[in-house]
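Note sheet for the following structure.
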Amino acid sequence: MTYLLTSNGPGNIETFRAICRRVDAHATGLIARYAGENENGLAITTIWESKAACDRFTVEHLEPALASILGDVPSPPAPAVFVAFESAEERVTERSS
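The opening residue of the sequence shown carries number -3 in the working numbering; numbering runs sequentially from there.
The structure is reproduced here in structure tokens:
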């Protein structure tokens, strides 16, 4: 069952890209990622093959990269919002170029 995680909180796209440069090679199980900025800061949605793949990546690669780039920040930094769930149904459509 695929696993979706959405976070919205402080940050900007430049910081996001710096973190991605450090961790993307280790994102085993990542199916898709969408990121942008809105009125609440940085919004990121990731789709994973499983919750276990997401959790492993977060602990082994993402959290160390965040600490290295951002320093000691409360986890999660306020006012971050997280929504996570295993998908009970999926529909994927072809995207036209």
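Every residue gets a Cβ at the ideal spot worked out from N, C-alpha and C, and that includes glycine.
These numbers were taken from a predicted model, which means no experiment stands behind them.
* Beta-carbon proximity check, Ile27 vs Ile40, cutoff 8 Å -> no
* Asked: Over what stretch of residues does the alpha helix (DSSP H) that includes Thr54 continue unbroken?
  -> Note, Thr54: premise wrong, no alpha helix (DSSP H); not H, not E.
* Could you tell me which of Thr11, Glu86, Leu38 and Arg29 sits nearest to Cys50, measuring between CA atoms? => Arg29
* **Where Arg17 sits in the DSSP three-state scheme** => helix
* Determine the closest residue to Ala31 out of Thr24, Ala48, Ala21 and Gly7, with distance taken between C-alpha atoms. => Gly7
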